[in-house]
Amino acid sequence: MIKIGIAGTRGLSTLMGLNAIDDVKVTAMCDLDEGHLNETAEKIGGNVAKFRIFDDMLESDIDAVIIATPMQCHVPQAIAALEAGKHVMSEVTAGVSMDELYWLCECVEKYNKVYMYAENYIYDPRVQQIRKMVEEGLFGDTYYAEGMYLHNIGNLFKYPNGKTSWRSYWQCGVRGNFYPTHSIGPVMQWFPNERIKEISTFSPGIRNDIGLKQDSGTTTMCRTETGKLLNIRVDCMSPRPHNMDYYYLQGTKGCFYSKAHKDDIDRVSFICEESPIYDMKWKKLEEYNSYLPDRYANATEEQKKSGHNGGDFFIVEDFIKAIRNNQAPELDVYKACEWTAVGLLSGISVANNGRTIEIPNFRKNMPVEEKIIKI
Ligand SMILES: NC(=O)c1ccc[n+]([C@@H]2O[C@H](COP(=O)([O-])OP(=O)(O)OC[C@H]3O[C@@H](n4cnc5c(N)ncnc54)[C@H](O)[C@@H]3O)[C@@H](O)[C@H]2O)c1
């Protein structure tokens, strides 16, 4: 039996998935806010042990933790959990400073426990379908992609009790792209075996009177080691309807253009007889549903119920598999740090006229001389 402790209410998004796996049980819950703690423990049901202090939960007999507290808690809690011999699944983003990211890699290597990055947008069936179509060569050589996260979060700067929330500091109290991985994670699935090597970030400055340091939208150009380009836009300050999962992909044989709003559709276009190169036609992505990976195509009703057509089940399934096989998951600590570093370093780039900044090559036993910010 694998016993799981969840820290932070958002961690409940994993509950249905965990409940659907044999020999896995959520046995503990942690939240500093006693009201939230009681409410969420009730949702979990059974004999769940309740803790206000994270370190106290680590002293219980859980095997793994799901860290879904605010961003600035992720690394301190992940390090404490790894040191206590627990496996970790962490919410996004991985950390709030470059040094935190280096410490995180060191601790995952030192304590030899599973660390998985809970970038749930990668588990969207559509993202996995495009990945399969890329693998099967439908797009040819993929070389350009866009990802956008447009979500006005002005209503989250205060808690309902009127106190200032962590989002006013760690998200919108900083310059640059503070939340890049919902966009980078999916598009990196379509650039197999690539690593982001350098970035450059631009913004129109601050165009509101909210009084926080966050730009009114940022555009970050990321270049991979072989010269492929990702154009990542995040805007959490401007007035507009949400669109948190817009993507575009271009290859030598065709492209994918995701829906721009909820009533829109996902489209693809490929060079072929009915779609000649100078008169290419759009087709609905759903016409290519045969490329859905098997586990999505064959998802059971119980798996689908977890959310996102099975995506919310498969993310926890991969975490539990990694624990059982004692193997790093695909979304390992190095990917978590590379994608998070894009956001952290974008703050330096945007404040310096879009200066190009190198992204460190996060990897096992990274030499200490490379654990720096290079400008
Ligand atoms: N993957 C996604 O789609 C997604 C969506 C929303 C939020 N998130 C991430 O989830 C995390 C939580 O976001 P949220 O919107 O739920 O925030 P929130 O402020 O609504 O909730 C955070 C909870 O953590 C508790 N908490 C704070 N500090 C704690 C500590 N030291 N120990 C234990 N509990 C503590 C708070 O009491 C609160 O109940 C963030 O990292 C955010 O980036 C991810």
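Going by this note's numbering, the sequence shown opens with residue 12, and the numbers climb by one from there.
C-beta: ideal position from N, C-alpha, C; glycine also.
Everything numeric in this text was worked out from a predicted model, so none of it was measured.
DSSP state of Ile133 mapped onto helix, strand, coil: In the structure shown, Ile133 sits in a helix (DSSP, three-state: H, G or I).
Three-way DSSP call (helix, strand, coil) for Asn166 in this model: The answer is helix: DSSP assigns Asn166 an H, G or I state.
Candidates Gly265, Val185 and Glu120, of which the one nearest Thr153 by Cα: The residue with the shortest Cα to Cα distance from Thr153 is Gly265.
Presumed contact (8 Å Cβ cut-off) between Ile55 and Leu93, rounded CB distance: Separation of the CB atoms of Ile55 and Leu93 is rounded to 24 Å, and the pair is thereby denied contact status at 8 Å.
DSSP state of Cys183 mapped onto helix, strand, coil: Coil at Cys183, not helix or strand.
Beta-carbon contacts of Ile334 that lie in its chain and below 8 Å, excluding the five residues immediately before and after: So the list reads Ile13, Asp74, Ala75, His98 and Val125, once near-sequence residues are dropped.
Within 8 Å, strictly: CB atoms of Ser211 and Thr367: Cβ atoms of Ser211 and Thr367: closer than 8 Å.
Candidates Thr175, Leu161 and Tyr160: closest to Leu167 by CA position: Out of Thr175, Leu161 and Tyr160, Thr175 has the C-alpha closest to the C-alpha of Leu167.
Classification of Thr231 by the beta-carbon crowding that lies within 10 angstroms, buried from 16 upward: It is buried - the Cβ of Thr231 has at least 16 other Cβ atoms within 10 Å.
Segment contact, 8 Å Cβ cut-off, at least three pairs: the stretch 317-331 with the stretch 104-121: Segments in contact, no.
Phe267 versus Asp246, Val145 and Tyr289, residue with shortest Cα-Cα distance: Ranking the options by Cα distance to Phe267, first place goes to Val145.
Expected contact under 8 Å - CB spacing of Gly158 and Ile243 to nearest Å: Contact holds; Cβ gap of about 5 Å.
beta-carbon Ala92 near ligand 1 non-hydrogen atom, thresh 7 Å: No - ligand 1 has no heavy atom lying nearer than 7 Å to the Cβ of Ala92.
Counterpart residues of Ile207 in DSSP-defined beta bridges: According to DSSP, which records beta bridges pairwise, Ile207 is partnered with Thr235.
Distance between beta carbons of Pro81 and Trp181, contact taken as under 8 Å: A Cβ-Cβ separation of about 7 Å places Trp181 in contact with Pro81 under the 8 Å criterion.
Touching by the beta-carbon criterion (3+ pairs, under 8 Å), the stretch 270-281 and the stretch 180-196: Segments in contact, no.
Euclidean distance between Cα positions of Lys143 and His162: A direct Cα-to-Cα measurement between Lys143 and His162 gives close to 28 Å.
Given Ser249 as reference, the closest of Arg218, Met377, Glu205 and Ala18 once Cα atoms are compared: Scanning Arg218, Met377, Glu205 and Ala18 for the CA closest to the CA of Ser249 turns up Arg218.
Contact check, Ile90 vs Leu115, beta carbons under 8 Å: Yes, these two residues count as a Cβ contact at 8 Å.
Contacts around Glu285, its chain only, beta-carbon distance under 7 Å, and the 5 residues preceding and following it disregarded: The answer, listed in chain order, is Lys292.
Every unbroken beta strand (DSSP E) inside the stretch 75-140 [3 residues or more]: Here the runs fully enclosed are 75-78, 98-101 and 126-128.
Contact with chain D by Leu149, beta-carbon distance below 8 Å: Checking the listed chains, one finds no chain D in this structure; it contains a single protein chain.
Closer than 7 Å: Arg234 CB and nearest ligand 1 heavy atom: Remark: the shortest separation between the CB of Arg234 and any heavy atom of ligand 1 does not fall under 7 Å.
N- and C-terminal bounds of the alpha helix (DSSP H) containing Leu356: Counting along the chain, the alpha helix (DSSP H) containing Leu356 begins and ends at Val344 to Val361.
Beta bridge counterpart(s) of Glu369 as assigned by DSSP: Bridge partners of Glu369: Glu209.
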